[in-house]
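Residue numbers (the working numbering): 1 to 282. Idealized CB from N, CA, C, for every residue including glycine. Remember, it's a predicted structure, so these values are computed and weren't measured experimentally. Beneath this line is the structure, given in structure tokens, with notes to follow.
Listed below in structure tokens is the structure:
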């Protein structure tokens with residue numbers, strides 16, 4: 001069903017770009033000040049799916065957004081913040097302000113909230129975008145340095161299903177400060193629920209498939225096969241890549257050269273998982 005914006009819904013929805021730090025935050029604040037957005041008496045919603053890099057300046061900006069919403073008697077929610085955001089909030093003692101206000105999308109990309117009757121779904125915009133909702137309509141503005149440029153209204157019906165929450169950086173305690181560590185790789189796990197009777201066949205077929213990968217010269221960070229002990233009847237592949245882009249290059253290889261399909265990889269009853277790798281973090 002098409003998404004209908006409630007007539008009485010008034011909100012400022014901000015979709016930040018990938019980097020929100022001491023370089024970009026002053027420009028964002030200047031842009032919103034010029035456009036008069038900071039003084040709008042409306043709910044504040046943050047879609048944080050795109051955020052990959054953040055620092056203490058961004059945390060201060062988040063706290064200012066909460067303060068303004070509170071002063072206006074309005075609500076605030078943060079949608080799918082990456083772990084690095086939660087790390088900074090915890091270390092700076094601001095996590096309690098977010099209790100009950102952090103939302104995770106359903107598999108179809110929509111949201112349910114206890115504090116707001118309607119939360120628009122996330123629609124990507126790499127540059128960063130502000131959406132102003134009022135009277136059942138929306139006006140959208142794209143970040144352009146320290147200015148906002150009005151663009152076509154966001155089409156909520158083009159929203160993607162649940163998107164990944166970036167974890168390529170993690171903030172950890174280093175005394176009273178925050179130390180940011182970067183991931184050292186990207187891992188795809190595929191668990192084949194083949195059952196005890198087919199474990200040997202699944203393992204053999206995957207071994208052949210991995211041989212095909214290597215024969216093409218693809219530069220994996222690592223290729224492993226695991227045969228389960230507990231629970232029994234499962235074979236797991238672990239393929240390690242440099243980053244997400246490296247994984248996409250691998251997928252492109254599989255589309256260009258489909259001769260691997262002759263091996264008949266057992267892809268039934270497979271669970272896929274993806275992780276950022278932190279090898280020996282210091």
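Per DSSP, residue i forms a beta bridge with which residues?
i, result
"residue 307", "The requested residue 307 does not occur in the structure, where the chain is confined to residues 1 to 282."
"residue 222", "240"
"residue 144", "147"
"residue 186", "241 and 276"
"residue 14", "46 and 130"
"residue 192", "235 and 270"
Pick helix, strand or coil for residue i, following the three-state DSSP scheme.
i, result
"residue 234", "coil"
"residue 99", "coil"
"residue 24", "coil"
"residue 105", "coil"
"residue 203", "helix"
"residue 284", "Summary: the structure shown does not reach residue 284, with the chain confined to residues 1 through 282, and so no result is reported for it."
"residue 130", "strand"
"residue 159", "coil"
"residue 46", "strand"
"residue 215", "helix"
"residue 137", "strand"
"residue 252", "helix"
"residue 19", "strand"
"residue 227", "strand"
Which two residues bound the contiguous beta strand (DSSP E) that contains residue i?
i, result
"residue 242", "That residue, residue 242, is in no beta strand (DSSP E); it is neither H nor E in DSSP."
"residue 77", "76-79"
When the Cα of residue i is compared with those of the options, which residue comes out closest?
i, options, result
"residue 155", "233, 23, 10 and 138", "138"
"residue 284", "228, 213, 21 and 275", "Here the chain has residues from 1 to 282 only, and residue 284 is not among them."
"residue 121", "163, 187 and 136", "163"
"residue 82", "182, 234, 166 and 96", "166"
"residue 13", "37, 21 and 2", "37"
"residue 53", "178, 19, 240 and 211", "19"
"residue 127", "136, 197, 150 and 35", "150"
"residue 174", "271, 90 and 11", "90"
"residue 4", "22, 157 and 115", "157"
"residue 56", "229, 210 and 87", "87"
"residue 187", "136, 41 and 222", "222"
"residue 64", "262, 195, 131 and 25", "25"
Go to residue i, then tell me how far its alpha helix (DSSP H) extends in each direction, as first and last residue.
i, result
"residue 62", "56-71"
"residue 7", "From DSSP, residue 7 is part of no alpha helix (DSSP H); its letter is neither H nor E."
"residue 37", "No alpha helix (DSSP H) contains residue 37, which DSSP labels as neither H nor E."
"residue 84", "83-91"
Excluding the 5 residues flanking residue i on each side, which residues of the same chain have their C-beta closer than 7 angstroms to its C-beta?
i, result
"residue 31", "143, 146, 147 and 148"
Take residue i and list the residues in its own chain whose beta-carbon comes closer than 8 angstroms to its own, dropping the five residues that flank it on each side.
i, result
"residue 278", "170, 181, 183 and 184"
"residue 257", "216"
Enumerate in chain order the residues of its own chain whose CB-to-CB distance from residue i is below 6 angstroms, with the five nearest sequence positions on each side excluded.
i, result
"residue 190", "237, 270 and 272"
"residue 172", "179"
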